[in-house]
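Residue numbers (our numbering): 438 to 875. In what follows, a structure is listed as structure tokens, so that the remarks can point back to it.
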């Protein structure tokens, strides 16, 4: 991040967070327990379970392995990931590769839909059943520094789960570059940053967890360092102290670069799950169409703590979309809100499934959207009820605890994992569920 004198100032709109206040819509707070007892936001025909104290699942949600270093190469052949049979610990390797151009400063990206042109489309070669970091030199964090992604292939799998990391959101010099920034890793995200990422140990990315329906799937980890919920397409000069700070809201452009290589890396993919937490949860909604078009197969969403809701007292998220230059799916006319994009995607691909998880008293999203944890449950209840006519969309709501990101609480794994298993198995009984935290 650097400051330059303003020769031409680009205005970027109001504070993001859709609420007009600070924007940390990505899980900047850790799980904190309370004893408040609110009703859940589940819809009709929902089941309710009550947790018993001491039902620790810490072992099942624990670290998926040690961190190590090995090399990984890039090939221009049409081969897959070079995975071979055998088990390997979740070690981290690193590969430095070339990637496509990121576009000119101040220009917007291509329309949503998996733009695969103009860059490196060679498949990634990586060892099986371990994480391999891959540099994408033409990608951008908010500071303009390049980033990359991580892959974890599994031999013979045709399933792919793509995780979109969370970590706050920002829209101006204060919220992005001030003394208390509202988004994480804006200065940069590389192999070292990934090696310390706690989200890699989440249950759905844990190959050693027997109950994980994705234990034998190919995995991709999309880091978050753009402050734009993985959806921005612009480099903006943010006014600051008589100058400007060049800032890349570049999440969607980065994802286009990533998809250009991820698609040929897993050529036999028949099913994709787009999974995100907090800001990454919103990223799943805003990039569903992009990923579906890129792969041309069914894509399902698992959105943990990124509900498509309006700000308190508002009806859309237009300021956010304008600031980051979010490009909705082609044909999504007037889509200026998370809910509008979500509704368009549900209508255009109704066979895809949508799983939404949240704490009823979410301690982060509630504040970011202008509510409070105490007033948030009815908002989630309204959202859940609105899905009642959709057999392929359901909610999992945790009550009796103020916290953020369901996956971050390992004691919840024994309860939410069977619900995820039902979704993955296309179980006709899959429906809204409420869990009362002990």
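Glycine included, C-beta positions come from ideal geometry on N, C-alpha and C.
Residue i - DSSP class collapsed to helix/strand/coil
i, result
"residue 844", "helix"
"residue 791", "strand"
"residue 839", "strand"
"residue 673", "strand"
"residue 502", "Confidence at residue 502 is low in this model, with a pLDDT of 38, below 50, so the placement of that residue should be treated as unreliable; the coordinate-derived value is given next. Here residue 502 sits in coil by DSSP."
"residue 482", "Annotation note: pLDDT 42 at residue 482 (below 50); position unreliable, no value reported."
"residue 816", "helix"
"residue 544", "Note on residue 544: pLDDT 35, under 50, position unreliable in the model; the coordinate value appears next. The answer is coil: DSSP assigns residue 544 none of H, G, I, E or B."
"residue 869", "coil"
"residue 757", "helix"
"residue 797", "strand"
"residue 640", "helix"
"residue 588", "strand"
"residue 806", "coil"
"residue 762", "coil"
"residue 738", "strand"
"residue 558", "coil"
"residue 596", "strand"
"residue 782", "helix"
"residue 572", "strand"
"residue 582", "coil"
"residue 832", "strand"
"residue 563", "coil"
"residue 624", "coil"
"residue 477", "Below a pLDDT of 50, predicted positions are generally treated as unreliable, and residue 477, at 35, falls in that range; no measurement from the model is reported."
"residue 468", "At residue 468 the pLDDT is 38, less than 50, meaning the model places this residue with poor confidence and gives no usable figure here."
"residue 857", "helix"
Own chain partners of residue i with C-beta closer than 6 Å, once the 5 adjacent residues on each side are dropped
i, result
"residue 776", "745"
"residue 651", "598, 641"
"residue 648", "854"
"residue 765", "772, 778"
"residue 655", "590, 591, 594, 597, 703"
"residue 687", "577, 663, 669"
"residue 609", "675"
"residue 793", "740, 832"
"residue 829", "790"
Cβ-Cβ separation, residue j to residue i (assumed contact under 8 Å), whole Å
i, j, result
"residue 685", "residue 738", "Their Cβ separation, rounded to whole angstroms, is 26 Å, which puts residue 685 and residue 738 out of contact at 8 Å."
"residue 803", "residue 831", "That pair is no contact at about 21 Å."
"residue 669", "residue 689", "6 Å"
"residue 698", "residue 561", "6 Å"
"residue 573", "residue 584", "7 Å"
"residue 756", "residue 667", "Contact flag wrong, Cβ pair sits at about 18 Å."
"residue 621", "residue 691", "No, residue 621 and residue 691 are not in contact; Cβ-Cβ is about 15 Å, not under 8 Å."
"residue 606", "residue 665", "7 Å"
"residue 748", "residue 680", "Incorrect: roughly 30 Å between the Cβ atoms, too far for contact."
"residue 587", "residue 639", "Going by Cβ atoms, the distance from residue 587 to residue 639 rounds to 13 Å, so no, they are not a contact pair."
"residue 623", "residue 580", "6 Å"
"residue 696", "residue 731", "4 Å"
"residue 569", "residue 636", "Going by Cβ atoms, the distance from residue 569 to residue 636 rounds to 17 Å, so no, they are not a contact pair."
"residue 872", "residue 852", "5 Å"
Beta-carbon proximity list for residue i, same chain, < 7 Å, skipping 5 on both sides
i, result
"residue 653", "591, 594"
"residue 866", "859"
"residue 856", "833, 870"
"residue 618", "607, 612"
"residue 750", "807"
"residue 736", "709, 711, 725, 728, 729, 789"
"residue 753", "747, 773, 774"
"residue 558", "697, 698, 701"
"residue 809", "803"
Proximity test, Cβ basis, 8 Å: residue i and chain D
i, result
"residue 782", "The structure shown has no chain D; it contains just one protein chain."
Cut-off 8 Å between Cβ atoms - residues of its own chain near residue i, not counting five sequence neighbours on either side
i, result
"residue 785", "726, 766, 768"
"residue 660", "584, 585, 586, 587, 602, 622, 626, 630, 631, 634"
"residue 734", "706, 707, 708, 709"
"residue 721", "601, 711, 712, 713, 738, 739, 740, 743"
(request) Return the chain-ordered ranges of every alpha helix (DSSP H) run that is complete within the region 650-727 and spans a minimum of 4 residues. (result) 688-702
(message) Across the region 706-721 and the region 584-604, are there enough close Cβ pairs to call them in contact, namely three or more that are closer than 8 Å?
(response) Touching, per the Cβ criterion.
(message) Does the structure place the region 743-760 close enough to the region 844-858 that three or more beta carbon pairs sit under 8 Å?
(response) no
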